[in-house]
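From first to last, the protein sequence lines are chains W and S.
Numbering-wise (the working numbering), the first sequence opens with residue 572 and increments by one.
Numbering-wise (the working numbering), the second sequence opens with residue 572 and increments by one.
In this text, a Cβ means the ideal position worked out from N, Cα and C, and glycines have one as well.
Number of protein chains: 2
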Amino acid sequence: MDTGSSLQNRVPRKRRKMQRVTMIDVAKLAQVSPSTVSLYLRKPSAVSPAAGQEIARAISTLGYVPNLVAGGLAAASSKVVSVIVPSIRNAFFAETVSTLQSELALEGLQVILGHSEYGEDQEEALVRTALAWAPAAVVLTGLSHSPETRKLLQASGVPVVEMWEIGGKPVDMAVGFSHPQVGASAARHLLSKGRRSIAFLGARMQEDHRAAKRASGFAEEAKLAAERTTCEIINHPGAATVEAGSLLLGRALQQVPSLDGIACSNDLIALGALFECQRQGIAVPDRIAVVGFGDLDFSTSCIPSLTTIRPSGDLIGKEVARLILAGIHGEHPAGASRIIDTGHVLIERRST
Amino acid sequence: MDTGSSLQNRVPRKRRKMQRVTMIDVAKLAQVSPSTVSLYLRKPSAVSPAAGQEIARAISTLGYVPNLVAGGLAAASSKVVSVIVPSIRNAFFAETVSTLQSELALEGLQVILGHSEYGEDQEEALVRTALAWAPAAVVLTGLSHSPETRKLLQASGVPVVEMWEIGGKPVDMAVGFSHPQVGASAARHLLSKGRRSIAFLGARMQEDHRAAKRASGFAEEAKLAAERTTCEIINHPGAATVEAGSLLLGRALQQVPSLDGIACSNDLIALGALFECQRQGIAVPDRIAVVGFGDLDFSTSCIPSLTTIRPSGDLIGKEVARLILAGIHGEHPAGASRIIDTGHVLIERRST
DNA sequence: GATGTCCATCGTAGCGCTATGATGGGTATA
DNA sequence: TATACCCATCATAGCGCTACGATGGACATC
Numbered sequence: 572m573d574t575g576s577s578l579q580n581r582v583p584r585k586r587r588k589m590q591r592v593t594m595i596d597v598a599k600l601a602q603v604s605p606s607t608v609s610l611y612l613r614k615p616s617a618v619s620p621a622a623g624q625e626i627a628r629a630i631s632t633l634g635y636v637p638n639l640v641a642g643g644l645a646a647a648s649s650k651v652v653s654v655i656v657p658s659i660r661n662a663f664f665a666e667t668v669s670t671l672q673s674e675l676a677l678e679g680l681q682v683i684l685g686h687s688e689y690g691e692d693q694e695e696a697l698v699r700t701a702l703a704w705a706p707a708a709v710v711l712t713g714l715s716h717s718p719e720t721r722k723l724l725q726a727s728g729v730p731v732v733e734m735w736e737i738g739g740k741p742v743d744m745a746v747g748f749s750h751p752q753v754g755a756s757a758a759r760h761l762l763s764k765g766r767r768s769i770a771f772l773g774a775r776m777q778e779d780h781r782a783a784k785r786a787s788g789f790a791e792e793a794k795l796a797a798e799r800t801t802c803e804i805i806n807h808p809g810a811a812t813v814e815a816g817s818l819l820l821g822r823a824l825q826q827v828p829s830l831d832g833i834a835c836s837n838d839l840i841a842l843g844a845l846f847e848c849q850r851q852g853i854a855v856p857d858r859i860a861v862v863g864f865g866d867l868d869f870s871t872s873c874i875p876s877l878t879t880i881r882p883s884g885d886l887i888g889k890e891v892a893r894l895i896l897a898g899i900h901g902e903h904p905a906g907a908s909r910i911i912d913t914g915h916v917l918i919e920r921r922s923t
Numbered sequence: 572m573d574t575g576s577s578l579q580n581r582v583p584r585k586r587r588k589m590q591r592v593t594m595i596d597v598a599k600l601a602q603v604s605p606s607t608v609s610l611y612l613r614k615p616s617a618v619s620p621a622a623g624q625e626i627a628r629a630i631s632t633l634g635y636v637p638n639l640v641a642g643g644l645a646a647a648s649s650k651v652v653s654v655i656v657p658s659i660r661n662a663f664f665a666e667t668v669s670t671l672q673s674e675l676a677l678e679g680l681q682v683i684l685g686h687s688e689y690g691e692d693q694e695e696a697l698v699r700t701a702l703a704w705a706p707a708a709v710v711l712t713g714l715s716h717s718p719e720t721r722k723l724l725q726a727s728g729v730p731v732v733e734m735w736e737i738g739g740k741p742v743d744m745a746v747g748f749s750h751p752q753v754g755a756s757a758a759r760h761l762l763s764k765g766r767r768s769i770a771f772l773g774a775r776m777q778e779d780h781r782a783a784k785r786a787s788g789f790a791e792e793a794k795l796a797a798e799r800t801t802c803e804i805i806n807h808p809g810a811a812t813v814e815a816g817s818l819l820l821g822r823a824l825q826q827v828p829s830l831d832g833i834a835c836s837n838d839l840i841a842l843g844a845l846f847e848c849q850r851q852g853i854a855v856p857d858r859i860a861v862v863g864f865g866d867l868d869f870s871t872s873c874i875p876s877l878t879t880i881r882p883s884g885d886l887i888g889k890e891v892a893r894l895i896l897a898g899i900h901g902e903h904p905a906g907a908s909r910i911i912d913t914g915h916v917l918i919e920r921r922s923t
């Protein structure tokens with residue numbers, strides 16, 4: 572091919588070493604053109620059964636693995652979905668990501684993971700790299716993002732799903748539930764149990780806007796209640812851990828000696844509170860009722876078993892996947908169906 | 572350019588619609604060649620400060636986002652590290668993946684995540700897609716893989732790190748610790764506390780080979796002990812959850828009424844066992860001593876606080892990242908330094 | 001002044017694939 | 001028999017970037 576058609580004759584360039592099996596090799600062996608192989612790979616039904624068989628045989632004898640990078644470049648959109656969560660260590664998001672990944676894998680989509688550690692600047696940087704992959708979709712957590720992030724996403728034209736929160740204006744699509752409503756449910760439940768001195772125990776609420784919204788929903792609902800109801804919001808600046816829960820309960824008792832009901836922004840915190848009660852000889856639920864959030868693994872087994880609110884992390888993952896796949900298949904949901912409320916359920920157990 | 576040099580004249584092809592800002596746009600605006608822009612992006616120091624500034628300005632005015640897919644294709648290796656874990660819901664792996672992701676992000680590497688659900692076939696499929704991304708490295712969990720998986724990996728020439736286990740022959744590199752030794756440490760600790768009727772409680776050990784190895788290390792060590800020592804291994808076929816722990820303790824007591832010490836393959840199981848003891852009025856550690864594995868969040872706070880073995884999931888993540896980055900920078904570790912033992916630490920608390 | 005070296009910069013051939021439109025033979029329709 | 005229409009298949013132009021080697025000016029050395 573080196574025709575020397577330009578101004579000067581040039582030494583044929585050393586081609587990069589390369590021994591990888593390509594689609595062309597498959598095509599040669601199967602005695603068809605590369606386009607047919609490509610077509611077969613993307614839409615087997617469009618190729619005659621005879622040719623298909625021949626191609627399949629060639630693929631397996633050569634051990635051909637398609638190069639998705641090349642495919643992504645040619646198709647101007649890669650088979651990748653970029654998912655950005657605050658933290659993968661958080662069981663909530665781990666569950667969602669896990670489900671999402673499984674669902675997307677069925678359609679040959681890969682998940683690229685990033686975590687923002689609850690930082691908007693970090694998130695912005697992650698979105699930037701995410702877009703550099705020309706992903707099939709971008710999935711973010713929550714509805715709070717920097718203006719620059721929103722601009723980047725909007726300009727990109729890539730489908731965007733914001734998950735784990737609804738109630739604001741999403742960039743594109745949203746799947747989740749209302750956090751204030753979760754807080755309200757918790758408060759209503761405690762009030763219905765006759766508790767009048769209640770508190771919300773949360774962690775990292777300066778950064779975790781969703782937890783903060785649960786707290787304010789809780790406080791709002793308490794305000795609506797009969798008089799003689801006191802309500803406190805207590806925050807731990809560190810991460811939501813069992814240990815934080817123990818600390819928070821201690822602080823709550825100090826601040827509100829008459830405390831008779833708490834809601835926690837996370838089951839881990841609730842578990843810590845239960846432990847602290849046990850340590851201090853406080854009867855649960857007799858003296859203090861405890862409501863958690865998350866319905867984590869241990870909530871049925873702990874002592875007493877934990878009344879909690881289940882946000883259905885896996886359902887969120889499923890719905891996000893559904894939205895993304897619909898978009899890829901050309902069925903772009905419109906209007907209200909671009910926002911999906913997965914709701915929440917209060918599960919009453921022994922702790923209230 | 573459409574020279575019509577081939578057999579027939581052809582209508583100039585409709586070019587694909589395209590409005591994305593490319594490197595060429597940046598180059599034009601900065602009045603340099605595209606190569607210089609590319610060079611600047613990859614190695615800013617190789618470009619004169621004047622040109623560099625010009626390019627930087629152009630990038631920001633155009634809002635240029637490099638296309639990593641194109642870069643990956645041209646460079647024959649994408650800035651992606653494919654990580655395959657059994658389950659991201661498992662706190663151990665969540666921790667490692669989280670750390671790994673953070674470390675790699677510092678060097679502009681992305682993590683593509685897959686989970687195998689402890690299935691070798693699933694893992695093989697994941698490895699296949701992973702390789703389709705021409706990743707900078709592949710990270711797997713454990714040393715047990717299907718022969719086909721090993722063959723695929725070896726043939727690919729991509730750096731491979733197997734994590735969370737050492738003690739066998741890795742495909743390429745390994746970072747982790749010896750699971751039999753963990754089991755042995757647990758047994759030794761229980762024996763040192765005078766326990767003679769001990770059991771190992773594990774979950775899903777038919778699939779989770781590492782848990783099974785901890786169990787057999789435990790049993791081996793028990794065998795070496797003074798006579799009159801009995802040792803049982805009890806398996807729960809489902810996932811390692813708190814609930815499973817409660818069930819397992821019940822079964823253990825049934826099988827070994829004289830039970831006075833247990834080791835669990837996971838802190839969640841240990842926590843479930845603690846709860847069950849509390850429910851049945853069994854004193855821990857007086858009647859039964861409990862050793863966990865994982866040093867999870869709650870282990871310090873639960874009642875009694877849990878003696879456990881810390882495997883340092885974040886250290887594993889860090890070391891995996893180090894190995895990968897060294898490889899990318901051309902420093903290929905050789906020989907023994909391709910296997911890194913992150914060890915384990917037994918942390919004694921109140922439960923023994 | 002000639003030659004060599006170094007450095008910043010440049011030109012361009014691919015990387016492996018997909019999308020577009022063309023081709024040509026077979027079948028249905030006029 | 002002529003025409004239209006399909007369908008399976010094919011040829012090829014990019015997708016946006018990187019890496020290779022070339023270029024030419026600045027400076028040092030002979």
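- Put simply, the backbone Cα of E678/W is about 27 Å away from that of S715/S.
- With a threshold of 8 Å between beta carbons, P637/W makes contact with chain S.
- Within chain W, the residues I659, R660, A665 have their CB atoms less than 7 Å from the CB of A665/S, given in chain order.
- Of the other Cβ atoms in all chains shown, fewer than 16 fall within 10 Å of the Cβ of I595/S; this residue is therefore exposed.
- Relative to the Cα of A834/S, the nearest Cα in the group I853/S, R850/S, S787/S belongs to S787/S.
- For T878/W, the enclosing beta strand (DSSP E) covers residues 878-881.
- For L600/W, the closest Cβ of chain S is not nearer than 8 Å.
- For I630/W, there is no enclosing beta strand (DSSP E); the enclosing alpha helix (DSSP H) has its first and last residue at 620-633.
- If you keep only unbroken beta strand (DSSP E) runs of at least 3 residues inside the region 712-736 of chain S, you get 731-734.
- Non-local C-beta neighbours of I899/W in its own chain, meaning closer than 7 Å and more than five positions away in sequence, comprise A707, ordered along the chain.
- Secondary structure at E778/W: coil, using DSSP grouped into helix, strand and coil.
- A direct Cα-Cα distance of roughly 37 Å separates R893/S from P875/S.
- Three or more Cβ pairs drawn from the region 908-922 of chain W and the region 880-892 of chain W lie within less than 8 Å of each other, which places the two stretches in contact.
- With respect to the C-alpha of E694/W, the residue from S669/W, V668/W, R921/W, S658/W having the closest C-alpha is S658/W.
- Leaving aside the five residues that flank M744/W on each side, the residues in its chain whose CB is nearer than 6 Å to its CB run, in chain order, V732, L894, R909.
- Residues of the region 846-875 of chain S with a C-beta atom less than 7 Å from some C-beta of chain W are F846, Q849, R850, D868, F869, T871, S872, C873, I874, listed in chain order.
- Taking a contact to require three or more Cβ pairs closer than 8 Å, the region 854-869 of chain S and the region 624-642 of chain S do not qualify as touching.
- Annotated three-state conformation of I595/W is helix, per DSSP.
- For V608/W, the three-state secondary structure derived from DSSP is helix.
- Taking a cut-off of 8 Å for Cβ pairs, the region 741-758 of chain W and the region 820-827 of chain W do not touch, as fewer than three such pairs fall below it.
- Contact check between the region 767-779 of chain S and the region 802-816 of chain S: three or more CB pairs, one atom from each, fall below 8 Å, which counts as touching.
- Any Cβ of chain W closer than 8 Å to the Cβ of W704/S would place that residue at the interface, and such an atom is present.
- Put simply, the CB of S787/W is far from chain S, with every gap to its CB atoms at 8 Å or more.
- DSSP places T801/W within a strand segment (E or B) once states are collapsed to three.
- Taking a C-beta distance under 8 Å as the contact criterion, I880/W and V753/W qualify as a contact pair.
- Between the region 861-874 of chain S and the region 789-808 of chain W, the count of Cβ pairs shorter than 8 Å is below three; the stretches do not touch.
- Setting aside the 5 residues that flank it on each side, I630/W is surrounded in the same chain by V597, each with a C-beta closer than 7 Å to its C-beta; the list follows chain order.
- Taking all protein chains in view, the Cβ of A601/S is crowded by 16 or more other Cβ atoms within 10 Å, so the residue is classified as buried.
- Within 8 Å of the CB of H686/W, the CB atoms of chain S belong to S669, Q672, S673, in sequence order along the chain.
- Cβ contact annotation for L711/S (same chain, cutoff 6 Å, sequence separation greater than five): I655, E733, in chain order.
- Between S768/S and V827/S, the gap from beta carbon to beta carbon is short of 8 Å.
- Taking the CA atoms as reference points, S653/S sits about 17 Å from D692/S.
- Taking the beta carbon of R699/S as reference, the chain W residues within 9 Å of it are V636, listed in sequence order.
- The beta strand (DSSP E) runs lying completely inside the region 816-851 of chain W and spanning 3 residues or more are 832-835, given in chain order.
- Residue contact check for E919/S against chain W: no CB pair falls below 8 Å.
- By the CB criterion at 8 Å, P751/W and E791/W fall inside the cutoff.
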